[in-house]
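Under the working numbering, think of the first position of the sequence shown as 14, with each following residue one higher.
Just so you know, even glycine gets a beta-carbon here, dropped at the ideal spot from N, CA and C.
What follows is a single structure, written as structure tokens, with notes after it.
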Amino acid sequence: MKKFNVTFIKILLLLLLIVLGLFIPLLSNFSKEVANIEPTFSYMRIPMLILCVSVVLSAMSAIGFGLLALRKYGSGEVFKLKTVRYLQGSSLSFFVGVLIQILIIIYTEINVSGSITNLYVLFGVIIFSLGNQIFKLIADVVSKGIEIKVDNDLTI
């Protein structure tokens, strides 16, 4: 059953990576359409596009690190230092995504005061912060498990 669950989650994460990868060209098309609809904000197109693509890339990075950690879990190597590093990498990717989204909020607020976009981005900040904290917690638990395992291996 464990192998099925790991395989199922891997497939879902790979599908999510593909969907996010296909989402990047859509962002470019969407930014062009918004610039055509509202030409007064067309100067914001490229900086916002770069920031939005960076958020998507940080999410893809977090998922990639999660896949690597899941691979270690599937092979029975949960309490290894590499697993902790992969989990910390996923946490750090989410944190970078939070920072980029805060930059989006600041940039949007400076140029378009009271934009509804900031509400949506704030929701993304909350989601990414949750991901950051969850992966940081799991990495800490696995790290403590490694310490306990080393202590028990030395005493036996």
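In the DSSP assignment, E46 falls within the alpha helix (DSSP H) that extends over K15 to I50. Note that the C-beta distance between F78 and V111 is not below 8 Å. At a Cβ-Cβ threshold of 8 Å, I117 and S71 do not count as neighbours. With a contact defined as Cβ atoms closer than 8 Å, L33 and M73 qualify at about 5 Å. The straight-line gap separating the alpha-carbon atoms of G89 and V47 is approximately 49 Å. By the beta-carbon neighbour count (other beta carbons within 10 angstroms, threshold 16), F108 is buried.
Residue range R58 to G87 is occupied by the alpha helix (DSSP H) that includes S67. Distances from the CA of C65 to each of V134, V97, I147 and N145 were compared; the closest alpha carbon is that of V134. By the criterion of a C-beta distance shorter than 7 Å, F36 is surrounded in its chain by V69, once the five residues flanking it on both sides are discounted.
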